[in-house]
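For reference, the structure is listed below as C-alpha coordinates.
In UniProt numbering, the protein residues as written are 1 to 73.
See the structure below:
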(Lines of atoms letter the chains of each structure in order from A; the text may use other names.)
(Lines give C-alpha, C1' and ligand atoms only; values in the text may rest on other atoms or scores of the structure.)
Protein backbone atom coordinates (compact mmCIF):
# COMPACT_ATOMS: atom_id res chain seq x y z
CA UNK A 1 0.00 0.00 0.00
CA UNK A 2 2.96 2.29 0.44
CA UNK A 3 3.43 2.38 -3.33
CA UNK A 4 -0.16 3.20 -4.25
CA UNK A 5 -0.33 6.65 -5.83
CA UNK A 6 -3.55 8.58 -6.28
CA UNK A 7 -4.04 10.56 -9.48
CA UNK A 8 -7.25 12.58 -9.09
CA UNK A 9 -8.80 14.61 -11.88
CA UNK A 10 -7.24 18.06 -12.09
CA UNK A 11 -8.22 21.35 -13.70
CA UNK A 12 -5.03 21.63 -15.74
CA UNK A 13 -2.40 19.19 -16.93
CA UNK A 14 0.26 21.20 -15.12
CA UNK A 15 -1.13 20.18 -11.71
CA UNK A 16 -0.21 16.52 -12.21
CA UNK A 17 3.49 16.86 -11.24
CA UNK A 18 2.47 18.75 -8.09
CA UNK A 19 0.06 15.99 -7.11
CA UNK A 20 2.73 13.35 -7.68
CA UNK A 21 5.16 15.37 -5.57
CA UNK A 22 2.60 15.55 -2.75
CA UNK A 23 2.31 11.76 -2.98
CA UNK A 24 6.15 11.57 -2.85
CA UNK A 25 6.25 9.59 -6.08
CA UNK A 26 9.83 10.61 -6.85
CA UNK A 27 11.10 9.51 -3.44
CA UNK A 28 9.25 6.19 -3.71
CA UNK A 29 10.77 5.48 -7.13
CA UNK A 30 14.26 6.34 -5.90
CA UNK A 31 13.79 4.15 -2.82
CA UNK A 32 12.58 1.22 -4.91
CA UNK A 33 15.51 1.56 -7.32
CA UNK A 34 17.90 2.13 -4.39
CA UNK A 35 19.12 5.44 -5.80
CA UNK A 36 20.15 8.31 -3.54
CA UNK A 37 18.47 11.64 -4.36
CA UNK A 38 20.80 14.35 -5.65
CA UNK A 39 18.85 17.29 -4.25
CA UNK A 40 15.31 18.21 -3.34
CA UNK A 41 13.33 19.87 -6.15
CA UNK A 42 12.08 23.42 -5.72
CA UNK A 43 8.47 23.52 -6.87
CA UNK A 44 7.83 27.23 -6.13
CA UNK A 45 8.04 28.39 -9.76
CA UNK A 46 5.88 25.48 -10.94
CA UNK A 47 3.26 26.24 -8.25
CA UNK A 48 3.32 29.88 -9.36
CA UNK A 49 2.74 28.79 -12.98
CA UNK A 50 -0.21 26.58 -12.00
CA UNK A 51 -1.68 29.37 -9.88
CA UNK A 52 -1.40 31.82 -12.80
CA UNK A 53 -3.11 29.35 -15.13
CA UNK A 54 -5.96 28.71 -12.72
CA UNK A 55 -6.38 32.34 -11.65
CA UNK A 56 -5.35 34.64 -14.52
CA UNK A 57 -5.01 38.33 -13.72
CA UNK A 58 -6.33 39.55 -17.05
CA UNK A 59 -8.04 38.36 -20.19
CA UNK A 60 -6.52 38.88 -23.62
CA UNK A 61 -8.18 38.74 -27.02
CA UNK A 62 -6.32 37.27 -29.98
CA UNK A 63 -7.34 38.02 -33.54
CA UNK A 64 -6.04 36.45 -36.73
CA UNK A 65 -6.28 38.49 -39.88
CA UNK A 66 -5.50 37.10 -43.30
CA UNK A 67 -5.89 38.10 -46.91
CA UNK A 68 -6.25 34.61 -48.37
CA UNK A 69 -8.97 33.16 -46.20
CA UNK A 70 -10.28 30.73 -48.83
CA UNK A 71 -7.07 28.68 -48.85
CA UNK A 72 -8.12 26.67 -45.80
CA UNK A 73 -5.96 24.81 -43.35
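Backbone N, C-alpha and C define an ideal beta-carbon position, used for all residues, glycine too.
Sorted by chain position, which residues of the same chain lie with C-beta nearer than 7 Å to residue 15's C-beta, five sequence neighbours on each side aside?
-> Taking residue 15 as the centre and dropping the five residues before and after it, the same chain places the C-beta of 50 closer than 7 Å to its C-beta, in chain order.
Chain-order list of residues whose beta-carbon lies under 7 Å from that of residue 12 (same chain, five-residue window excluded) | 50, 53 and 54
Where residue 39 and residue 4 are concerned, what is the direct C-alpha to C-alpha distance, given to the nearest angstrom?
-> 24 Å
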